[in-house]
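Participant:
2 protein chains.
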Amino acid sequence: MIEDVHRGRVRPSRMTSEFDTDTAVVSKGADVFAATITDRWSTPVGPNGGYLLATATRALGEVSPMPHPFAVTGHFLRPAKPGDAEVRTELVKTGRRHAVAQARLVQGEKELMVVVATFADLTNMNGREFVLGEPPPPTPPEDAADPVAVLEAEAVPPILRRVDFRSAEVPGFAVGKPSGRPEFMSWMRFADGRAADPLSLVFFADAMPPPVFEIGEFMSSTVEMTVHVRAVPAEGWLAMRVRTRYVIGGYHEEDAELWDSSGKLVAQSRQLALLGS
Amino acid sequence: MIEDVHRGRVRPSRMTSEFDTDTAVVSKGADVFAATITDRWSTPVGPNGGYLLATATRALGEVSPMPHPFAVTGHFLRPAKPGDAEVRTELVKTGRRHAVAQARLVQGEKELMVVVATFADLTNMNGREFVLGEPPPPTPPEDAADPVAVLEAEAVPPILRRVDFRSAEVPGFAVGKPSGRPEFMSWMRFADGRAADPLSLVFFADAMPPPVFEIGEFMSSTVEMTVHVRAVPAEGWLAMRVRTRYVIGGYHEEDAELWDSSGKLVAQSRQLALLGS
């Protein structure tokens with residue numbers, strides 16, 4: 000494992016980071032990797048989908064000749080449980096600009112997720128820049144709220160202890176008053192100080208509570224999630240906007256934008272999810 | 000083939016529709032399907048990505064016990080050429096609500112695309128409705144422009160002959176004056192009168208010229224595209240909004256919404272693409 004980390008793909012700020020420890024994969028040969036799904040990234044209904052997707056992506060990074068996850072898709076089959084898991088990978092194609100690999104995340108004999116990831120070298124993209132979206136303030140204001148601090152201690156799921164959140168105001172659902180507007184804007188960073196990197200953006204894109212909490216829906220199960228990592232994030236806070244605009248037949252999308260502390264868009268994600276579990 | 004069509008999955012309005020003919024798949028046994036990529040859905044750089052994704056999805060529909068494509072993802076490996084192709088499918092999981100299947104689209108020994116699709120029954124989704132987005136006018140106004148009619152006949156690629164387009168105004172690029180705003184809104188329907196259905200939305204989501212045409216970029220190659228089919232479309236025109244907000248390092252996203260003539264959101268899609276070919 001130490002060797003893998005030193006290879007520079009993961010670039011943790013500290014060797015002991017929780018994220019690096021809990022997404023670690025160990026080769027079992029033949030492109031199969033052992034992983035351990037911990038309970039440290041769980042929501043009230045189980046391990047977080049972005050954490051699972053990041054773990055599978057980390058294994059894919061081991062077989063990809065390109066360094067960075069660029070477009071990562073997971074189709075979710077079954078919920079995970081804390082415990083041993085396996086990532087069965089296949090490198091599908093290596094090209095000049097992109098490498099594409101796929102994986103199945105498996106526990107016991109149950110397949111939990113089908114993952115396809117296109118990798119690239121984000122430091123070697125020199126084409127045109129044309130940005131219309133307005134960045135959020137790069138860092139939280141002095142008087143920003145800690146939306147987790149207002150929750151009863153026993154109501155804080157493990158995932159919310161792994162990440163520091165700041166928001167301009169306490170979200171309505173956290174004080175029992177959903178706003179009716181399914182959107183959030185929050186600053187985030189790993190609680191243990193690990194720097195954000197392309198891999199961790201796959202996790203951060205799913206780290207905030209679902210915006211449907213603000214319309215009184217407190218369960219959401221991901222069907223499909225795709226993250227586009229658009230740039231290597233600078234050090235410091237990430238700012239994330241996430242919103243839902245269409246709940247149809249009980250399903251909803253979640254669109255997220257993640258910005259780094261230099262005001263650069265570093266990821267977009269969209270997921271399709273089902274209300275309830 | 001006739002049997003497949005009658006099974007009701009595809010529901011063409013006419014047996015001879017161009018879309019049904021050109022996405023047809025024939026079982027070769029063992030979950031492998033023969034397809035023929037025609038040149039009738041080509042852009043100036045080759046067969047359209049949405050057409051390829053719809054063809055692969057049609058083969059996946061043959062192995063899925065659920066009737067409708069719901070979340071369809073393609074990671075694009077290589078451009079296709081008109082000619083014979085194969086769709087190698089695998090049904091990954093069948094559940095109560097969803098079925099997940101994956102495919103490789105192959106020409107010769109070259110893999111062109113990795114596809115993962117979650118299927119569902121769109122007529123059996125009875126959960127909550129909460130819609131914030133405003134529908135466009137459901138049908139084109141009397142004085143709507145035909146943006147294809149203003150092009151020189153030899154500049155009209157085959158794909159633009161398969162679809163009727165109407166727009167409130169002629170897009171700038173079509174008259175040599177890109178607007179600088181990478182977005183389009185257009186009404187669309189199959190030129191031969193075939194009704195839209197869930198499968199065809201996978202195609203329609205990629206049928207319009209890339210919005211980056213309006214910033215003077217006339218080539219775009221899809222890296223990854225995901226379509227969420229949110230409802231079965233009503234008969235009549237589809238209205239589509241598509242826009243690009245972030246061109247970073249030469250890559251851009253395209254976000255599309257498709258609405259039916261009853262004012263219902265029927266699909267969302269996002270793709271990540273590279274300027275140039």
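Residue numbers (numbering that gives the first Met the number 0), protein chains in the order written: chain D, 0 to 276; chain X, 0 to 276. A virtual CB, placed ideally from N, CA and C, is assigned to each residue, including glycine.
1. Per DSSP, what kind of secondary structure is Ala238 (chain X) in: helix, strand or coil?
2. Thinking just about the alpha-carbon of each residue, which of D:Trp40, D:Glu168, D:Val130 is nearest to the one in Asp142 (chain D)?
3. Using a Cβ cut-off of 7 Å (strictly closer), state whether Glu253 (chain X) contacts chain D.
4. Taking contact to mean at least 3 C-beta pairs separated by less than 8 Å, is the region 221 to 241 of chain X in contact with the region 196 to 213 of chain X?
5. Looking at the structure shown, is Pro210 (chain D) part of a helix, part of a strand, or coil, going by DSSP?
6. What is the DSSP secondary structure of Pro140 (chain D), counted as helix, strand or coil?
7. Throw me the rounded Cβ distance for the Phe18 (chain D) and Phe202 (chain D) pair, which I believe falls under 8 Å.
8. Would you call the region 70 to 84 of chain D in contact with the region 175 to 187 of chain D, where contact means no fewer than 3 C-beta pairs closer than 8 Å?
9. Name the residues in the region 116 to 144 of chain D whose C-beta lies less than 9 Å from a C-beta of chain X; which are they?
10. Going by beta carbon distance, what residues of the same chain come within less than 8 Å of Val149 (chain D), once the five residues before and after it are set aside?
11. Going along the chain, which residues of its own chain have a beta-carbon closer than 7 Å to the beta-carbon of Thr122 (chain X), five neighbours each way excluded?
12. I'd like to know whether the C-beta atoms of Pro135 (chain X) and Ala238 (chain X) end up nearer to each other than 7 Å.
13. On the criterion of 16 or more Cβ atoms from any shown chain inside 10 Å, does Lys263 (chain X) qualify as buried, or is it exposed?
14. Around the C-beta of Thr15 (chain D), are 16 or more other C-beta atoms found within 10 angstroms, so that it is buried, or is it exposed?
15. Measure the C-alpha to C-alpha separation of Lys80 (chain X) and Gly45 (chain X) and round it to an integer number of angstroms.
16. Name the residue from X:Met224, X:Val211, X:Glu89, X:Thr225 whose alpha carbon lies nearest to the alpha carbon of Leu274 (chain X).
17. If you measure between the beta carbons of Leu59 (chain X) and Thr88 (chain X), is that distance less than 7 Å?
18. Which partner residues of Asp254 (chain D) appear in the DSSP bridge assignment?
19. What residue range does the alpha helix (DSSP H) around Phe202 (chain D) cover?
20. What residues of chain X sit near His97 (chain D), judged by a beta carbon separation below 7 Å?
21. Since Ala204 (chain X) and Leu257 (chain X) are thought to touch, with beta carbons under 8 Å apart, how far apart are those beta carbons, to the nearest angstrom?
22. Among D:Ile247, D:Lys27, D:Gly215, D:Asp21, which residue has its Cα nearest to the Cα of Gly82 (chain D)?
23. Say whether chain X places a C-beta atom closer than 7 Å to the C-beta of Ile36 (chain D).
24. Taking C-beta pairs closer than 8 Å, name the residues in chain D that Gln106 (chain X) reaches, listed in chain order.
25. Which chain D residues sit within Cβ distance under 9 Å of Gly249 (chain X)?
26. Is the Cβ of Lys80 (chain X) closer than 7 Å to any Cβ of chain D?
27. Any beta carbon from chain D within less than 7 Å of His67 (chain X)'s own beta carbon?
28. Can you tell which of X:Gly132, X:Gly126, X:Pro43 has its C-alpha closest to the C-alpha of Pro156 (chain X)?
29. Under 8 Å, with one C-beta from each stretch per pair, do the region 117 to 133 of chain D and the region 240 to 259 of chain X reach the 3-pair mark?
30. Of all Cβ atoms in chain X, is any one closer than 7 Å to the Cβ of Thr72 (chain D)?
31. Quick one: list the residues of chain D neighbouring Arg244 (chain X), beta-carbon separation under 8 Å, in chain order.
32. 7 Å is my cut-off, CB to CB: does Arg165 (chain X) come that close to chain D?
33. Whose C-beta lies closer than 6 Å to the C-beta of Asp3 (chain D) among residues of the same chain, with five residues either side of it excluded?
34. Less than 7 Å separating the beta-carbons of Leu271 (chain D) and Val222 (chain D)?
35. Hey, quick one: how far does the beta strand (DSSP E) through Val62 (chain D) stretch, first residue to last?
36. What are the start and end residues of the alpha helix (DSSP H) that includes Arg161 (chain X)?
Facilitator: By the coordinates alone:
1. strand
2. D:Glu168
3. no
4. yes
5. helix
6. coil
7. 7 Å
8. no
9. Ala116, Thr117, Ala119, Leu121, Asn123, Met124, Asn125, Gly126, Arg127, Glu128, Phe129, Val130, Leu131, Gly132
10. Val169, Ala173, Val174
11. Val231
12. yes
13. buried
14. exposed
15. 7 Å
16. X:Val211
17. yes
18. D:Arg242, D:Arg269
19. 197 to 203
20. Val222
21. 6 Å
22. D:Asp21
23. no
24. Within chain D, no residue comes near Gln106 (chain X); the closest Cβ sits about 14 Å away, beyond 8 Å.
25. Met124, Asn125, Gly126, Arg127, Glu128
26. no
27. no
28. X:Pro43
29. yes
30. yes
31. Val130, Leu131, Gly132
32. no
33. At Asp3 (chain D), the pLDDT of 43 sits below 50, so the modelled position is not reliable and the matter cannot be decided from this model.
34. yes
35. No beta strand (DSSP E) holds Val62 (chain D); the alpha helix (DSSP H) holding it covers 48 to 62.
36. 158 to 161
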